[in-house]
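This report concerns only the one structure given below.
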Amino acid sequence: MCDITYTAFEVKIRSSAEARLSFTISADPHGAEQPAERSELDGGEGAMWPRGKYVERCRQRPDAYGLLWRKLSGEGYAVLAAPANDCPSAVPLVRALVGVACFLYFLRYPFRPILPFLWQLLTVPDIHCPCTQLSGAMSTSAPLTTAVQWFAAQLNNSDNAEVKRRYLRWHAEDTGVPYSDEDPLFVQAVLASRTGWTLPELLWRARLVALDGRTLWECLDARMIAGRVRDVVDPWNEQLSVKLAWHFMEEQQRGELPPASSLNALRAALDEYATATIKPQGSLSVTESSAARSALRDADHGRCATLTDAWSDKVAFIPMEAGNDYSEGSLRCAAPVPSRGTLLQVPRSEMFFIGSLLQYCSLGRAIAAEPSLRGLLANEEAMLVLCLVYERFVEGVERSHWRRLLTHCPGRYPTIPIAWELRDLAELDGLDMVDDVLAKRSQMQAFVDQLQNSLLPLFHRALSKLYGASAAAPSLADMSAAFVWEHLVWAQSTFDSRAFNLNVDGAVVMALVPLADMVNHANHTDVLVRKVEPNGGPFTMQVGAALTAADVGRELWMSYGPLQNWELLQHYGFLLGPDNVHDKLPFPLAVPAGPNEPQGESDATDTSAPLSREGGTESSWDARRLALMRRYALCLPGRCWIPHDGVPPAALLALLRVQLAQADEFDMMEGRRYGPFEPLSPVTEAAVVSVVKSTVQCVMESFPTTLAEDEETLAEVHGDEPTKNHMLCLQLRVGLKRIASRCLEWCARHS
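UniProt numbering numbers the first residue of the sequence shown as 1 and each following residue consecutively.
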């Protein structure tokens with residue numbers, strides 16, 4: 001038996017004995033002479049073929065003659081087949097090559113009859129040429145189908161897949177590349193090319209798949225496919241893209257799709273690219289100095305070594321400075337790690353998540369056993385906060401099953417706004433996050449009141465039942481002293497700043513992971529994968545780019561996500577300074593209701609009938625505006641903003657064109673492929689810039705201070721403990737105001 005897989009672009013032939021004939025012929029009339037390729041039969045080295053148009057794989061351009069390998073029997077040999085109908089000009093060449101194939105076969109197997117070989121050749125059925133069927137029914141090829149289906153599945157499972165497909169379809173119409181729903185990312189065109197997979201071809205597809213709703217909106221443009229995703233979108237998207245590219249190559253390797261040499265070269269290129277692009281470069285600083293950390297490491301070497309020896313010999317743990325709640329612990333590289341290698345593994349039993357609570361936490365087991373309390377299990381975050389308070393303040397750190405975790409948690413989180421005094425919260429004036437913080441504080445206070453007034457007696461009774469007649473159950477007084485505002489805020493802040501969202505045996509849960517939760521955030525990352533192995537397996541951290549001997553001793557970083565500074569401050573108590581590339585300036589813009597409803601391509605162009613909203617009838621102009629917004633997904637994230645570089649996204653400008661267009665410009669927008677993405681009249685374009693300018697100025701005026709005043713104050717603040725939160729607020733405001741300043745400069749250039 002032989003595994004026969006063939007396509008219009010290449011054919012892999014492998015017998016059950018692993019015999020393979022890698023001799024392949026390219027019929028590209030425009031191709032240059034290629035180096036001779038080595039033949040492999042029965043695992044041997046084989047001989048060198050003569051120089052000529054013998055290439056590693058048979059790759060066909062749309063203008064190439066259609067020649068294919070076809071397996072004829074289970075004896076490990078192959079001959080050529082050519083389409084007699086679609087490419088008649090290839091037939092003379094095939095006839096000449098038949099003689100070559102027969103001669104080579106006779107040299108290799110001199111005692112085998114040649115007649116069966118010729119008979120099988122003459123009876124090979126016609127195969128349609130890729131010249132005319134690049135996007136048609138070429139479903140007989142396992143390699144081609146696998147690559148096409150893999151990318152199609154990744155796209156279908158990505159955010160806003162239909163929007164991406166729409167722009168891919170328009171790109172295909174622009175460029176003449178065949179598009180099909182089965183191959184929306186033009187994978188067949190790659191396999192048909194002379195070069196096959198290259199790193200740029202792989203990465204732009206991965207970037208598009210990895211775009212979430214927010215980043216996709218920033219990329220929407222007439223040249224999104226041809227230009228925007230051909231370069232780095234942002235650090236987070238690039239990390240996801242590199243991870244997806246590695247995953248693709250692993251799938252290819254399992255399926256034995258490209259030749260090993262080609263795959264190895266692509267993998268090496270991706271490894272080098274990851275080192276240059278997603279790996280942290282230079283020295284990134286956090287709170288304490290390198291000298292202070294070195295002293296801490298030397299003073300506490302025994303404790304670090306214990307943790308390192310137990311769970312990993314690749315990392316060293318640097319604890320927080322004793323008594324300093326403003327200090328930061330960290331992880332440091334202790335040994336080289338290969339690309340995509342395992343950095344750290346933590347036993348699942350050491351993780352603090354809902355599953356382990358029901359096994360190791362007395363309060364968790366008591367709640368699960370009491371029917372009147374069992375409903376709390378549905379509120380994951382509340383259960384985690386309650387049990388964390390219980391383990392630290394009732395059970396005690398030394399007696400707790402999670403002693404390692406609790407030992408290295410900060411005693412306070414003075415820089416997380418939920419714990420701030422009101423005078424510090426006043427520094428957030430002008431920012432939407434202040435409303436979120438106040439709402440969360442109110443919810444926490446209501447939770448504390450509910451605990452003290454009704455839940456704690458029920459907890460005490462459930463624990464007494466669990467412990468039985470023993471005196472080990474905590475007293476109600478001890479529990480009342482433990483479940484107070486300060487302790488609950490500490491537990492909530494611990495989860496806000498240190499928890500992972502992890503897939504544990506198919507369920508996505510929040511979890512605290514000792515040692516792993518000490519890795520600090522940067523937009524570029526060493527850690528690319530964090531996961532829980534199935535079937536009771538451990539938590540695992542894997543690196544992206546390799547850690548080399550040059551990395552030993554430096555701090556390791558992990559990106560928490562594409563987080564803006566206000567998100568970092570609200571949930572983690574720090575920020576990256578004014579140069580965080582993920583920062584965005586809110587752009588308040590009233591958007592008509594319903595522009596984000598799913599819409600098919602045919603519906604997207606139908607603007608003939610008015611749309612109804614909340615029982616009323618909109619004007620035909622509003623209906624046409626709404627149709628344009630839906631067609632181009634202009635309101636995809638439901639809000640608008642100015643990105644870090646200060647340049648308004650093309651989607652925002654298109655949205656403003658739709659709102660400000662003159663009556664005679666609607667036909668123009670509706671008749672063009674990219675509609676509002678293309679400029680309108682000078683009058684409308686000037687109005688668009690004017691709205692951007694006035695809106696940004698309005699946002700700037702909502703702050704109580706100017707950019708110059710904040711920068712002057714920031715230069716005078718030293719960041720010591722009494723002024724730490726004030727400094728964080730200043731940095732946050734300065735970052736947003738600098739985005740606004742860059743945007744106003746853009747407006748001045750385009751006025």
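Even for Gly, the Cβ is constructed at its ideal location relative to N, Cα and C. Given the structure is predicted, the values throughout are model-derived calculations rather than measurements.
In this structure, Q570 keeps its C-beta atom at 8 Å or more from the C-beta atom of N580. Using a Cβ distance threshold of 8 Å, S702 and G430 count as a contacting pair. In the DSSP secondary-structure assignment, I318 is bridged to S330. DSSP, reduced to helix, strand and coil, places A419 within a helical segment of the structure shown.
A distance below 7 Å between beta-carbons, with the five flanking residues on each side excluded, links V177 to the following residues of its chain, in chain order: F186, A189.
Taken in chain order, the complete beta strand (DSSP E) segments of 3 or more residues contained in the region 460-523 are 500-504, 507-511. Cα atoms of R498 and P319: separation of roughly 15 Å, rounded to the nearest angstrom. Cβ neighbours of V688 within its own chain (closer than 8 Å, five residues either side excluded): L653, L656, R657, L660. When R554, D159, L191, L208 are compared, the shortest CA-CA separation from P336 is found for R554. One thing to note: E218 has its Cβ no nearer than 8 Å to the Cβ of P562. In the DSSP assignment, W641 is bridged to P586.
Under the three-state reduction of DSSP, M629 is assigned to helix.
Excluding five sequence positions before and after R169, the CB atoms of its chain that fall closer than 7 Å to its own CB belong to Y179, given in chain order. Contact check for F483 against Q450 fails: the beta carbons are separated by 8 Å or more. With a cut-off of 8 Å on Cβ pairs, the region 702-715 is in contact with the region 731-742, counting three or more such pairs.
Only exposed fits G506, as fewer than 16 other CB atoms lie within 10 angstroms of its CB. In terms of Cβ geometry, L556 and D526 form a close pair [threshold 8 Å]. Less than 8 Å separates the beta-carbon of L244 from that of A210.
Residue state for M727 is assigned as helix, using DSSP reduced to three classes. Residue range 527-532 is occupied by the beta strand (DSSP E) that includes L528.
Under the three-state reduction of DSSP, V337 is assigned to strand. For T215 against A546, the beta-carbon gap comes to about 27 Å, at or over 8 Å, which does not count as contact. Here W746 is not near V683, since their CB atoms are 8 Å or more apart. N523 is positioned such that its CB atom lies no closer than 8 Å to that of S330. Beyond the five residues adjoining it in sequence on each side, H460 comes within less than 7 Å, by CB distance, of L476, M479 in the same chain, given in chain order. Using a Cβ distance threshold of 8 Å, L199 and L240 do not count as a contacting pair.
Below 8 Å, too few C-beta pairs join the region 433-447 and the region 344-357 to call them touching: fewer than three.
When the alpha-carbon of R194 is set against those of P704, Y167, S262, E173, the nearest one is in S262. Rounded to whole angstroms, L405 and E350 show a C-alpha spacing of 8 Å. Residue pairing by DSSP places E555 opposite R332 in a beta bridge. In this structure, F587 sits away from D221, with a CB-CB distance that is not shorter than 8 Å. In this structure, V389 sits near H487, with a CB-CB distance shorter than 8 Å. For Q542, the uninterrupted beta strand (DSSP E) segment begins and ends at 539-543.
In the DSSP assignment, the residues bridged to V346 are F539.
Closest in alpha carbon position to G213, among P637, P704, V691, R673, is P637. Distance between C387 and F352, taken at the CA atoms: about 9 Å.
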